[in-house]
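Report on the following structure.
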Amino acid sequence: MTDMLSSQQQELIDTLEEMATAETNLARRDCLVQFPEGFGLVGALLKDVR
């Protein structure tokens with residue numbers, strides 16, 4: 011179960027990273043970049059896409 015959760019978390023993080031990279035609105039991009047930490051996925055911060 012932990013592996014599935016971890017896999018799903020990583021998939022979410024990867025998706026958010028792709029969305030942040032494609033986002034042209036800086037406020038939305040910042041929100042996407044900060045989303046994982048805000049939802050308790052500590053240590054799973056997205057790469058800086060600015």
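Residue numbers (this note's numbering): 11 to 60. Think of the CB as a built atom: it goes at the ideal place given N, C-alpha and C, for glycine as much as any other residue.
Quiz prompt | Residue ranges of each alpha helix (DSSP H) within the segment 16-55, 4 or longer | solution = Every unbroken stretch of the alpha helix (DSSP H) spanning 4 or more residues and falling wholly within the segment 16-55 is given here in chain order: 36-48.
Quiz item: Using the rule of at least 16 other Cβ atoms within 10 Å of the residue's Cβ for burial, across every protein chain shown, is L26 buried or exposed?
Solution: Counted from its first residue, the sequence shown places residue 26 at position 16. Buried, since its Cβ has 16 or more Cβ neighbours within 10 Å.
Quiz item: By a C-beta neighbour count over all protein chains shown, 10 Å radius and 16 as the cutoff for buried, is A37 buried or exposed?
Solution: For this step, residue 37 is matched to residue 27 along the sequence shown. Exposed is the call here.
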